[in-house]
Every structure is written in C-alpha cells, then in structure tokens.
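In my numbering, the protein residues as written are 1 to 305.
Beta carbons: idealized from backbone N, C-alpha and C, even for Gly.
Note that the structure is a prediction, hence the values are computed from the model and not measured.
Comments concern the structure below.
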C-alpha cells in the first residue's frame, strides 16, 4: 500500500493549464470513481483550488499515478506530464501538511486554504477511507497549530482583499465608489466586507440563483439581480468583482462595451477572482477598462449556486 499525491500547482503550471484541470464538486466525484475503478486505488480525494489540483490516493495492487495523469490530460486536452509532480508516502503527507498550513501558497501562511482542504475532504468522503481520513484530519490539526503557535499568518491576505487592494492602484482611494459583485459564495461575501472597509458602496449582487443573491444583498443593503439583468446597470458602478463557479467566462465584450460608452471617460475596474476565469481576455482591450486578476491566494472559486 502506498500513499500518493499527484497534481499541478502555481509553481509548475500557468493559469491557462490550471483552470482547465480544475474540478467542481460533481466533476470530482466522477473523477474519483473513475480513478478507483480503473486503477484499483482503495481511497482517493481531489483538492482543487485556484492555485492547484491535486489527487491524493491510496494505491491498491496496481500503480494509480498513470490513471490520475491520464484523467488530467483528458481534461486538459493535452499531455499534463510536463506540469505534473508526484509525492509518495511520508513526502505526500508532508506536502499536504504544508498545503493546509499555507506554506505552499503564493502568500506564505494565507488562511483560506485551510477551509479548502476541509471542504475537499468533506466533498470526497464517499471515496476516502481510514488512511486518507486520518491524513486529512491530521493535516487540518497541524495547520491549526501552525497558525496558532507561530506568526506565519500575520499579514497574510485573502484573494478578495488582494483584489480590493489591486483596485486601489486604479482609483487611489475607493471611498465613495460603487461596486457590483458577481457570485454569492463565501469568496464573494469576503470581497464585499473588504470593499465596505474601504468605503465602497456595494450596490448590486448578481448570481445565477436569485435567492442566494437576495440573501447576500440583504445583508449589505444592495440590490439582488440575475446575471441577465445586471449588465444594464454596469455603467452605474466603478468596480466589478467576479467570483462565480461558472465553468466558462460569463463577462464578455458584448456585456461591457455598452457600459463603457455610457460612462464617458470614467474608468471601470473588473477584478476576476474565479477559476475558471469569469472574464474574457478581450474585455481588457476596451478603452478605460482595467481587467485585472490578483495572483496572491489559493481560494478563488466563488461556488455560487
């Protein structure tokens, strides 16, 4: 029996690769079922964040790394091997401890990855067993101690706060600005808190599920909208934070160009903190549109529903 970790991260693969091999919860379940059926792996968990996709599994009688690589290659549409790393046994366990503690993050000690590791474990419980359950439980305990007993998390930023700080480079002070948030998940909620602390009025929360948008909007005095409604109000805001769980880009030139025309020479800052990306690349070519993507944290997926 061997414990294996195999995956890609921000050190080995650019975002164009990482976003293609990211797994949503339903995708993760199907991938793990396939991995176990084809390779005979006894247990398996996939951890998929903005900066990494990693399979952790306990091999049976046959090696399973090849199966994991094949699954990721099929998802990528190309050979994943040049970007892939593997760890085994003690090294695999040590790697997960570092990941959960924020030691393997772009920002040393950032805290959101702890929750992502926990969520991955919970999501994949149907495919894990004694070994991986103990591993993930221990990794979360280690990560908690690291943050409690050291100063490693001091000054660490979430992707949401990094995005807000990035927008300040465009406007200087954000006080009195208006914002629209696409998505109503945990990351979107953190983004709203960060914006409000800078004096920004969050006027619109748009989401695929209107009820989720209503709940978050009500907490902050904003208006809830469906995605197909919000574009007509885009000209009224200065900052847009995109944090959805859409499998494809939802913000295109056709959505933004009319708002640009109505804004005159006022800049519009669009911050994409989703993975896969929410904003098409061509949007950043529009006049007075600053389409930016912070690259400082793990947890970028908005998980709207």
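Limits of the unbroken alpha helix (DSSP H) element including residue i
i, result
"residue 91", "90-101"
"residue 38", "25-39"
"residue 117", "112-123"
"residue 43", "Here residue 43 belongs to no alpha helix (DSSP H); instead the beta strand (DSSP E) covers 43-49."
"residue 141", "130-149"
"residue 178", "Segment 178-182 is the beta strand (DSSP E) holding residue 178; no alpha helix (DSSP H) there."
"residue 240", "Segment 239-242 is the beta strand (DSSP E) holding residue 240; no alpha helix (DSSP H) there."
"residue 260", "253-263"
Which of helix, strand or coil DSSP assigns to residue i
i, result
"residue 300", "Model confidence at residue 300 stands at a pLDDT of 49, short of 50, so the residue's coordinates are unreliable; what they give is reported in the following sentence. Residue state, collapsed to three classes: coil."
"residue 169", "helix"
"residue 156", "Per-residue confidence for residue 156 stands at a pLDDT of 45, beneath the threshold of 50, marking its modelled position as unreliable; the derived number appears in the next sentence. Coil."
"residue 225", "strand"
"residue 283", "helix"
"residue 12", "coil"
"residue 105", "coil"
"residue 204", "strand"
"residue 305", "Residue placement at residue 305 is poorly supported in this model, since its pLDDT is 36, which falls under 50; the coordinates are not used for a value here."
"residue 271", "strand"
"residue 2", "coil"
"residue 52", "strand"
Span of the beta strand (DSSP E) around residue i
i, result
"residue 59", "Here residue 59 belongs to no beta strand (DSSP E), and DSSP marks it neither H nor E."
"residue 212", "That residue, residue 212, is in no beta strand (DSSP E); its alpha helix (DSSP H) goes 210-220."
"residue 197", "Residue 197 -> not in any beta strand (DSSP E); alpha helix (DSSP H) instead, spanning 186-197."
Residue i vs residue j beta-carbon contact at 8 Å
i, j, result
"residue 225", "residue 204", "yes"
"residue 159", "residue 294", "yes"
"residue 36", "residue 147", "no"
"residue 195", "residue 164", "yes"
"residue 234", "residue 255", "yes"
"residue 86", "residue 6", "yes"
"residue 124", "residue 275", "no"
"residue 52", "residue 117", "no"
"residue 172", "residue 207", "no"
"residue 59", "residue 2", "yes"
Straight-line Cα distance separating residue j from residue i
i, j, result
"residue 57", "residue 91", "13 Å"
"residue 246", "residue 131", "33 Å"
"residue 102", "residue 94", "13 Å"
"residue 82", "residue 97", "24 Å"
"residue 65", "residue 133", "20 Å"
"residue 291", "residue 269", "6 Å"
"residue 180", "residue 201", "9 Å"
"residue 107", "residue 100", "13 Å"
"residue 188", "residue 141", "27 Å"
Segment contact, 8 Å Cβ cut-off, at least three pairs: the segment 43-56 with the segment 17-29: Taking 8 Å as the limit for Cβ pairs, the verdict is that the segment 17-29 does touch the segment 43-56.
Determine contact between the segment 269-280 and the segment 246-261, defined as no fewer than three beta-carbon pairs at a distance below 8 Å. Output reads yes: the segment 246-261 touches the segment 269-280.
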